[in-house]
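First comes the structure, then the notes that go with it.
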Amino acid sequence: MGGTDQVRGTRRSTAAANGGGVTRNLNSDTVINLDHGDPTMYESFWRKMGDKCTVVIKGHECLSYFSNIKNPCWFLEPKLEESIKSLHGAVGNAVTDGYSIVVGTGSSQLLQAVLYAVSCDQPNQISVVSPAPYYSSYPEIIDLVRSGLYKWGGDAHGFDKDEPFIELVTSPNNPNGVIRGSVVNRDGGILIHDLAYYWPQYTPITSSLDFDIMLFTASKCTGHAGSRIGWALVKDKEVAKKMIKFMEVNTIGVSKESQIRVAKILQVVADGCKRFGSPDGDNFFEFSKSLMSKRWEILRETVKKTRMFTLPKYPLQHCNYTGDVTQAHPAFAWIKCKEGIEDCEKVFRGQNILTRSGRRFGSDPGYVRVSMVSKEEDFDMFIERLSVIQSFNNGDGNGITNGNVNGNLD
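According to the working numbering, the residues represented by the sequence shown are 867 to 1276, in order.
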């Protein structure tokens, strides 16, 4: 791909470089897919946990549609509700008292449910906006079914219509990892806070949030993307009821097997939060924060040497959960190519690295989003290839070549 020279070499993995692990052959023929945020980096932690998160579901269990008929969200498993409250209480990132909890098949389904809930009584189709760079899937999610209730309204920075609106506030933001608030800031707006990454491994926890509508997901919290479980904390009970109705019509609830598994995992994480600094190493956020911090340190050192890219800088903040002063280590790197390079995605594609172009986020194609939560081998190969990218002057500023690489690379 991309017509660049082939480079074959061997280097130690980042784990080996830090005193453990094995040497791997990192072949440049391999395509590294860092376009999506598949959180496979957490696998080593959950392997170490052994059977602590194992659940057994017998054939006669989970037959009914219903989980708790006394709960307005009748398909929400009581154990999942308990573990969600326990985890937020342990981390201190969101208030749960006085909120309804609505479970969904990931936060993507919950976003559709809440869009329905807050727009179904509007007299006219309502615009949904988010400040660029916004999450790349928002336009597709919102316009997929061409709903008569709502439509994608684009960049919130440019929204100046004198009419009701819905603003999606993603904080920390996907793709650039910054903490954000609403942009439009006027009457007639409904705010939905997407807080998928407001966990200690990605950003300092500075307060326990209490917004009207808050979306979370196990995919980004613990890495269990395959279980497809998300939850919404909703202050207005009528909005929660409408969301539940959407879920009832859309999928008649959410898989009990997935809920039971995630309930067990979240409770294990919550219990581990009480043992911060434990020699047993069973605090998930301590493990994942350390891993993210190391990856970002390696990336920043590599980017500095290439002199071809820049990365965002994040302020030092006090984290209420860890008790230390730290900076963000986002799940994605928002990388900008140097001036004169118009298509940053093309640069990485030339090294068999798949990224997501800034244009997908309503931004400049001189940016790309790169996943930082991939498995160790992919991250190692990414750093290896990034370290040998050198620019050359071919007249249009879009060319790249490989540096001279021979033998073993450390």
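Don't be surprised by glycine CBs; every beta carbon is placed ideally from N, CA and C.
Quick test of your reading: residue i and residue j, contact by CB under 8 angstroms. State the CB separation rounded to the nearest angstrom.
{"i": "V968", "j": "V1100", "result": "6 angstroms"}
{"i": "Y1233", "j": "I1201", "result": "7 angstroms"}
{"i": "V1035", "j": "D1060", "result": "7 angstroms"}
If you draw a straight line from the alpha carbon of residue i to that of residue j, how long is it in whole angstroms?
{"i": "P999", "j": "V1254", "result": "28 angstroms"}
{"i": "Y1187", "j": "Y1068", "result": "12 angstroms"}
{"i": "G903", "j": "K1086", "result": "9 angstroms"}
{"i": "G1119", "j": "L1252", "result": "45 angstroms"}
{"i": "A1136", "j": "L953", "result": "5 angstroms"}
{"i": "F1077", "j": "W1097", "result": "14 angstroms"}
{"i": "R1157", "j": "L1165", "result": "It is Leu, not Arg, that sits at residue 1157 in the sequence shown. If I take the Cα positions, the gap works out to 12 angstroms."}
{"i": "E1250", "j": "M907", "result": "18 angstroms"}
{"i": "G1265", "j": "E1211", "result": "Since pLDDT at G1265 reaches only 43, below the 50 mark, its modelled position is unreliable, and no value is offered."}
{"i": "G964", "j": "K1160", "result": "38 angstroms"}
{"i": "P1043", "j": "S1074", "result": "Residue identity differs from the one stated: residue 1043 is Gly in this sequence, not Pro. One C-alpha to the other measures close to 18 angstroms."}
{"i": "G1055", "j": "E1242", "result": "43 angstroms"}
{"i": "T1168", "j": "E947", "result": "43 angstroms"}
{"i": "G1089", "j": "D901", "result": "17 angstroms"}
{"i": "A1091", "j": "P1005", "result": "21 angstroms"}
{"i": "I1110", "j": "T896", "result": "44 angstroms"}
Comparing alpha-carbon positions, which option in the options lies nearest residue i?
{"i": "P1041", "options": "S996, K1170, I923", "result": "S996"}
{"i": "S973", "options": "L900, H1023, F1082", "result": "F1082"}
{"i": "R1046", "options": "Y1064, E1029, S1013, K1241", "result": "Y1064"}
{"i": "G925", "options": "L900, E1123, R1225, M1238", "result": "E1123"}
{"i": "S1172", "options": "F1153, K1204, A1199", "result": "The question names Ser, yet the displayed sequence has Thr at residue 1172. Ranking the options by Cα distance to T1172, first place goes to K1204."}
{"i": "D1190", "options": "I1071, F1198, G970", "result": "I1071"}
{"i": "R1222", "options": "S1237, G1216, E1208", "result": "S1237"}
By the three-class DSSP mapping on this structure, what secondary structure does residue i have?
{"i": "R913", "result": "helix"}
{"i": "K1017", "result": "strand"}
{"i": "C1210", "result": "helix"}
{"i": "Y982", "result": "helix"}
{"i": "H1090", "result": "coil"}
{"i": "I1164", "result": "helix"}
{"i": "P1203", "result": "Correcting the residue identity first, residue 1203 is Cys in this sequence and not Pro. If DSSP states are grouped into helix, strand and coil, C1203 belongs with the strands."}
{"i": "E948", "result": "helix"}
{"i": "I1032", "result": "strand"}
{"i": "R1236", "result": "A quick correction: the sequence has Val, not Arg, at residue 1236. Strand."}
{"i": "G964", "result": "coil"}
Quick check on the burial criterion: 16 or more other C-beta atoms within 10 angstroms. Buried or exposed for residue i?
{"i": "V1105", "result": "buried"}
{"i": "L1010", "result": "exposed"}
{"i": "I935", "result": "exposed"}
{"i": "L1182", "result": "exposed"}
{"i": "N990", "result": "exposed"}
{"i": "F941", "result": "buried"}
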